[in-house]
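Worksheet: one structure, shown below.
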Amino acid sequence: MSFDSVLIANRGEIARRIIRACKTLGLRAVAVYSEADRDAPYVHEADLALPIGPAEAAQSYLDPARLLDAARRAGAQAVHPGYGFLSENADFARAVVQAGLVWIGPSAEVIALMGSKAAAKAEAQAAGVPILPGYRGTDQSDATLAAEAAALGAPLLIKASAGGGGRGIRRVDDLADFPAALAAARREAQAAFGNADVLLERLLTGARHVEVQVLADHHGTVLHLGDRDCSVQMNHQKLIEEAPAPDIPARTRTAMAEAAVRLSARIGYRNAGTVEYLYDPVGGDWHFLEMNTRLQVEHPVTEAVTGIDLVAWQIRIAQGQALTLAQSEIRAEGAAIEARIALDGAGGSAVTRWHLPDLPGLRLDSAVKAGSSVSHHYDPMIAKLIAHGPDRATALARLRAGLAALQTGGIGTNAAQVAGLLATADFAAAHLGTDFVARHPLAEACAPGDDMRALGALVLALVADRNRRAQAHLGPWGQLGSWRVTAPAGRGGTSWHVIEGTECAVRRTTAGHEVTDGEGAVLLRATHAGLQGDLLDLEVDGMRRRIAVALSATGITLTAGLASARMSHGRQGTGAGKSTGGTDIAAPMPGLLAEVLHPIGASLKQGDPVLIFEAMKLMQTMTAPCDGILTELPHAAGATVPAGALLARLTPDEDTQT
-3 MSFDSVLIAN
7 RGEIARRIIR
17 ACKTLGLRAV
27 AVYSEADRDA
37 PYVHEADLAL
47 PIGPAEAAQS
57 YLDPARLLDA
67 ARRAGAQAVH
77 PGYGFLSENA
87 DFARAVVQAG
97 LVWIGPSAEV
107 IALMGSKAAA
117 KAEAQAAGVP
127 ILPGYRGTDQ
137 SDATLAAEAA
147 ALGAPLLIKA
157 SAGGGGRGIR
167 RVDDLADFPA
177 ALAAARREAQ
187 AAFGNADVLL
197 ERLLTGARHV
207 EVQVLADHHG
217 TVLHLGDRDC
227 SVQMNHQKLI
237 EEAPAPDIPA
247 RTRTAMAEAA
257 VRLSARIGYR
267 NAGTVEYLYD
277 PVGGDWHFLE
287 MNTRLQVEHP
297 VTEAVTGIDL
307 VAWQIRIAQG
317 QALTLAQSEI
327 RAEGAAIEAR
337 IALDGAGGSA
347 VTRWHLPDLP
357 GLRLDSAVKA
367 GSSVSHHYDP
377 MIAKLIAHGP
387 DRATALARLR
397 AGLAALQTGG
407 IGTNAAQVAG
417 LLATADFAAA
427 HLGTDFVARH
437 PLAEACAPGD
447 DMRALGALVL
457 ALVADRNRRA
467 QAHLGPWGQL
477 GSWRVTAPAG
487 RGGTSWHVIE
497 GTECAVRRTT
507 AGHEVTDGEG
517 AVLLRATHAG
527 LQGDLLDLEV
537 DGMRRRIAVA
547 LSATGITLTA
557 GLASARMSHG
567 RQGTGAGKST
577 GGTDIAAPMP
587 GLLAEVLHPI
597 GASLKQGDPV
607 LIFEAMKLMQ
617 TMTAPCDGIL
627 TELPHAAGAT
637 VPAGALLARL
647 TPDEDTQT
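The structure is reproduced here in structure tokens:
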């Protein structure tokens, strides 16, 4: 099993992480890239990088033949799948071995076994690990699933049998909603995993998501590296993770770890893996959820508290080396917390600023740097910020400081929302649960008030003037530096801009800038307002501040420190001072029009589903903005569209107009 070169069948921050491990071990790192990733940082950091096809993942990172051909051309002797993409695809793992290469992970047979949620739960039960009540049968008819759902009762979860990562999951709180939720879960499961089978599971409300990291070699040794809490999730996607899992009785912690080792030994597991549980903090019960047969996104928190390089050990185990660690030697030192930083669709695709100052106890695993581009074809997560400290309180303080210090430009991220969650008293007290985000809606980006709408209108006016200057051959606007509007813009020195459906007027005065609403009420007076790249330099009432701006075709996000507001904006207004009213459905970000649910001429009510839009691996149902007739569908299902593209237009019913 000896090898000296590794092909990394992945991209982004995990590719960079594996490249670092390869270089630590003196191995040659071979990267692959799609057309969208041609200039990504990991491509330049690898010893060799090969193109594998178009931006669409199905024709590049999800194409086993292209990946194996790249390995052959590069002379690579092993394949590391990272996580996501084909990392838990048993057929790919088998094909790698059949091609004479080393697969850095568990066997194809184990991947297939634990990749079936039904089979995995059966193995867990046989290993003496408790499981939740549910339906895991092969009869996938609507009638059988509806009957099983009725027997379970609400609330329950519909989950894709063949996958994970938060896709193909729907929560049902009312059985009347079960048919629609089942259809949505099947559709997403088929698109993500090529398998529409689902299972049903009783929903344990208020539960925590706790997992145990295991490491096993080819010589019979199976170790656990402690636990993590991954309860803070949004749309079934983990958002904040930490190690060790806080506030768990020692007896329960030991039982979970021993069960993970027992299950891993039973199935002949090799390499790094994670056994996941649902833990009831009230009753103290815990149940097997699934086993991930790959490296986890959140592995850095375990590395931080144990000092063990998990990726390096993955490679060593694949080379046939025996674990030199003893279970008694593995202990958690301090605490570590990780925040996933993801695109939120509010900004553009060019990263104009990306910098984290040198602060104690912080690690940034990032897919991007200043000058990078991001693509809607892939997962929205672009980085992970990890903080380590001697105790949980210190790690939390360091993570919050790091999020506040992280400088970004050109893109919109969820950093402010994550920081808001970390700032809650419940998080500080470790009152965690998978419903944490639902219990803390104020952690979302703050609702835009009049002052924020005024700032949004001011930014649009400055950007419009900057673009006019560029068109007048005064040089690229990125080279203009810090400047202020010195000439009237629009009619009579006033420009109108639609923010959150209402027109605002921006007027240049001798004292600076003045923003008013449609009725003439002054919302903002600024004695200085200038744009420097993606920073708004502003002075109001003698106070100078800088606000980060992320602008897309339909949205704008303003961020100052950890305070953030996201707003929609429309085309330049007319000066009528009226709300625009919505009849159009536009793409919130670049993506794929997955399905059109109604034909032209359909009569719709406000809130009716109109189409399914897919971006960054998530599917979103777009609904009718008003009562009316569907009169325009510019794109057919399957079309790739840019941000702001018109997807559908309604003509309002005459009897709804007042």
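Numbering (the working numbering), first residue to last: -3 to 654.
We put the CB at the ideal spot given by N, CA and C, even for glycine.
query, result
"Buried or exposed (CB count within 10 angstroms, at least 16 for buried), T506", "exposed"
"Secondary structure, beta strand (DSSP E): runs of 3+ residues fully inside the region 193 to 231", "194 to 198, 204 to 212, 218 to 230"
"Same chain, Cβ closer than 8 Å to I14, five either side skipped, listed in chain order", "V2, I4, N6, A25, H76, G78, V307"
"Nearest-angstrom Cα separation, counted from I263 out to E440", "Unreliable positioning characterises E440 in this predicted model, as indicated by a pLDDT of 46, which lies under 50. A coordinate reading is not provided."
"Beta carbon of S658 nearer than 7 Å to that of V210", "For the chain, the structure presents residues -3 to 654; residue 658 sits outside this window and is missing."
"Where P240 falls, given that 16 or more other Cβ within 10 Å makes a residue buried", "buried"
"Terminal residues of the alpha helix (DSSP H) in which L64 lies", "60 to 70"
"Host alpha helix (DSSP H) of C18 (start-end)", "8 to 20"
"Cβ pair count under 8 Å reaching 3, the region 86 to 98 against the region 131 to 142", "no"
"Proximity below 7 Å, CB of V39 to CB of A45", "yes"
"Check whether L554 and I543 have beta carbons under 7 Å apart", "yes"
"N-terminal and C-terminal residue of the alpha helix (DSSP H) that P296 is part of", "295 to 302"
"Bridge partner(s) assigned by DSSP for F609", "L589, Q616"
"Sheet register partners of I378 (DSSP bridge)", "Answer by DSSP bridge pairing: none, since I378 is not bridged."
"Inter-residue CB distance, S362 and A379 (contact presumed, cutoff 8 Å)", "4 Å"
"Neighbour-count burial assignment, T430, 16 or more Cβ in a 10 Å radius", "buried"
"CB contact check: G216 to chain B, cutoff 7 Å", "You won't find chain B in this structure, because it holds only one protein chain."
"Residue range of the unbroken beta strand (DSSP E) whose run includes F277", "Phe is not the amino acid found at residue 277; the sequence shown has Pro there. Run containing P277: none; DSSP gives neither H nor E here."
"Where the beta strand (DSSP E) containing T348 begins and where it ends", "Counting along the chain, T348 falls outside any beta strand (DSSP E), and DSSP gives it neither H nor E."
"Assigned exposure category for I311 - 16 Cβ within 10 Å defines buried", "buried"
"CB contact flag (A620, Q602, <7 Å)", "yes"
"As assigned by DSSP and simplified to three states, the class of G634", "coil"
"Nearest residue (CA-CA) to A389, options A419, T409, P60", "A419"
"Classification of F174 by the beta-carbon crowding that lies within 10 angstroms, buried from 16 upward", "buried"
"Same chain, Cβ closer than 7 Å to Y273, five either side skipped, listed in chain order", "V206, E207, M252, W282, H283, F284, L285"
"Alpha helix (DSSP H) segment containing H436, residue limits", "Element bounds for H436: n/a, residue is neither H nor E."
"Spatial neighbours of R163 in its chain, beta-carbon cut-off 6 Å, leaving aside the 5 residues before and after", "E184, A188"
"Proximity to M110 [Cα-Cα], best of A255, E535, N288", "N288"
"Sheet register partners of W99 (DSSP bridge)", "V75"
"Residues bridged to T248 (per DSSP)", "DSSP, once it has assigned bridges, lists no residue as partnering T248."
"Which listed residue (L141, R34, A91, G269) has its alpha carbon closest to that of P102", "G269"
"I463 - DSSP class collapsed to helix/strand/coil", "For the record, residue 463 in the displayed sequence is Asn; it is not Ile. Correct three-state label for N463: helix."
"Secondary structure of F(-1), DSSP reduced to three states", "coil"
"The region 317 to 331 contacting the region 212 to 225, beta-carbon criterion three pairs below 8 Å", "yes"
"Beta-carbon spacing of A332, V370 below 7 Å", "no"
"Alpha-carbon to alpha-carbon, D447 and H509", "14 Å"
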